[in-house]
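Read through the structure below, which is laid out as structure tokens, and then see the notes.
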Amino acid sequence: MKDLSWGILGTAGIARKAMLPALRDAEGCRLGAIASRDVARAEAMAGAFGIPRAYGSYEALLADPEIEVIYNPLPNHLHVPLTLQALAAGKHVLCEKPLALTLAEAREVTTAAQAAGRVVAEAFMTRHHPQWIKARELVSAGRIGRLTGVQALFSYCNDDPQNVRNQKDIGGGGLYDVGCYAVDTARFFFGAEPEAVSCTMDLDPKFGTDRLTTGTARFPGGGQLSFTVSTQSALVQQLTLLGTEGYLVLDAPFNCPPDHPARLALDNGADLLGGGRELLTCPPADQYRLQAESFARAVHQGGFAADAAADTLGNAAALEALTRAAQSHRWEAITSTTGQAGD
């Protein structure tokens with residue numbers, strides 16, 4: 001498989017800490033160029049990771065004929081415009097979550113990707129971690145009976161006013177930063193789209209962003225998602241998959257360190273003291289590297305990636321409905337994405 005040349009937009013922390021090391025090691029991928037509006041920052045990052053070219057503008061990177069894939073980890077409000085520009089330049093795009101802040105924006109991107117015959121995917125690296133693959137296998141095999149509930153908790157503490165997560169006008173806030181993981185998780189394990197959602201938010205009085213959000217979603221057949229996310233609470237992550245005959249708990253579902261094994265607890269509910277519990281482990285894995293390799297395979301398959309587009313639309317529709325529900329204080333139906341690009 002030919003190595004794909006990747007171009008990196010910006011010098012975001014997620015790129016520096018996770019994606020650049022992953023791309024450096026990923027099969028079928030190589031680092032080709034990086035761009036920043038501060039060329040000195042681009043040059044410094046290029047030097048640190050052995051990237052051959054550094055640009056002082058995003059447009060210059062997009063015009064580079066050797067770059068085949070763009071990684072877009074820019075602030076949320078720049079995901080759609082730069083992804084559209086990359087598609088117009090003939091590039092494939094792996095965009096950090098959330099790819100879009102509205103369903104209309106998601107439609108625009110997936111339609112453009114289909115017209116260009118290019119792969120666009122939302123960077124939910126969790127889907128590629130062995131613990132998620134193992135968990136879905138256990139659910140599919142009926143080890144917890146019928147899946148009835150997905151419960152997700154994702155919290156960290158960041159009250160820096162300069163941090164993009166605390167800037168409302170550029171898409172900051174807990175729901176879109178980490179609540180999107182809960183939505184994607186439920187869609188992944190239920191294998192379906194939610195029908196309706198409810199949501200409540202506590203807004204930071206200074207930033208106007210949601211610093212604590214709790215949401216629920218109803219799925220076909222009665223399955224439910226319940227989640228709480230926060231940008232100003234203790235650091236914690238947990239995922240519970242509840243079934244009619246047992247449950248499965250993932251202790252580090254979203255950011256399991258790549259040098260640590262992942263732990264899963266499978267419990268048949270025999271008692272409340274763990275008498276029916278089986279502890280499982282998955283070997284250490286770099287989910288960002290696995291994500292890059294999966295994306296490269298999708299590109300080599302050729303053309304538009306309908307499944308990735310459907311996921312983008314499904315996530316955007318649910319997040320938009322959760323935002324409406326927080327404002328209306330009532331259940332909100334999910335806008336259908338049937339018949340749109342990628343379906």
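The sequence shown begins at 1 in the UniProt record's numbering and counts up by one. For each residue, glycine too, the CB sits at the ideal point set by N, CA and C.
- Contact check for Y181 against F254 passes: the beta carbons are separated by less than 7 Å.
- If the five residues before and after F189 are omitted, its C-beta is found closer than 8 Å to the C-beta atoms of A135, R136, V139, L147, V150, L241, all from its own chain and listed in chain order.
- In this chain, the beta strand (DSSP E) harbouring M201 covers 196 to 203.
- Counting C-beta pairs closer than 8 Å gives fewer than three between the stretch 274 to 284 and the stretch 74 to 87, which falls short of the contact rule.
- Positions of the beta strand (DSSP E) runs, each at least 3 residues long and wholly inside the UniProt domain "GFO/IDH/MocA-like oxidoreductase" (133 to 248), are given as 147 to 157, 196 to 203, 210 to 218, 224 to 230, 232 to 243 in order along the chain.
- By DSSP's assignment, W6 forms a beta bridge with L31, V69.
- Looking at the DSSP output, C256 bridges to nothing.
- If you compare the alpha carbons of D177, H77, K168 with that of P205, the shortest gap goes to K168.
- Looking only at P283, E320, T244, the smallest Cα-Cα distance to W132 is reached by P283.
- One thing to note: I67 has its Cβ no nearer than 7 Å to the Cβ of A116.
- A direct Cα-to-Cα measurement between T323 and W6 gives close to 34 Å.
- Fully enclosed beta strand (DSSP E) runs of no fewer than 3 residues occupy 92 to 95 of the stretch 78 to 108, in order along the chain.
- In the DSSP assignment, T281 falls within the unbroken beta strand (DSSP E) covering 277 to 282.
- For R297, the enclosing alpha helix (DSSP H) has its first and last residue at 287 to 301.
- Note: E122 is bridge-paired with C95 in the DSSP secondary-structure output.
- Where D64 is concerned, there is no enclosing alpha helix (DSSP H), because DSSP gives it neither an H nor an E.
- Ranked by Cα distance from R127, the first of L175, V164, R187, F154 is R187.
- Counting of Cβ neighbours within 10 angstroms places A40 among the exposed residues, the total staying below 16.
- Sixteen is the threshold: since fewer than 16 other Cβ atoms of the shown chains lie within 10 Å of the Cβ of A270, the residue is exposed.
- Look at R24 here: in three-state DSSP terms it is helix.
- One Cα belongs to S230, the other to T200, and the distance between them is close to 12 Å.
- Counting C-beta atoms within 10 angstroms of its own C-beta, K17 has fewer than 16 neighbours from the protein chains shown and is therefore classed as exposed.
- Inclusion of A316 and L175 in the CB contact set at 7 Å is not warranted, their separation being larger than that value.
- The three-state reading of DSSP puts D267 in strand, counting E and B together.
- Exposure of R330 is indicated by the presence of fewer than 16 other C-beta atoms within 10 angstroms of its C-beta.
- Judged by DSSP secondary structure, R53 falls within the beta strand (DSSP E) whose first and last residues are 53 to 55.
- Rounded to the nearest angstrom, the gap between the Cα atoms of I8 and R165 is 20 Å.
- According to DSSP, E332 shares a beta bridge with V197.
- A straight-line Cα-Cα distance of about 7 Å links I14 and P73.
- The residue from A44, V119, D159 with its alpha-carbon nearest to that of Y71 is V119.
- G173 is positioned such that its CB atom lies no closer than 7 Å to that of D202.
- C157 counts as exposed, since fewer than 16 other beta carbons sit within 10 angstroms of its beta carbon.
- In this structure, DSSP gives A116 a helical state, which the three-state scheme calls helix.
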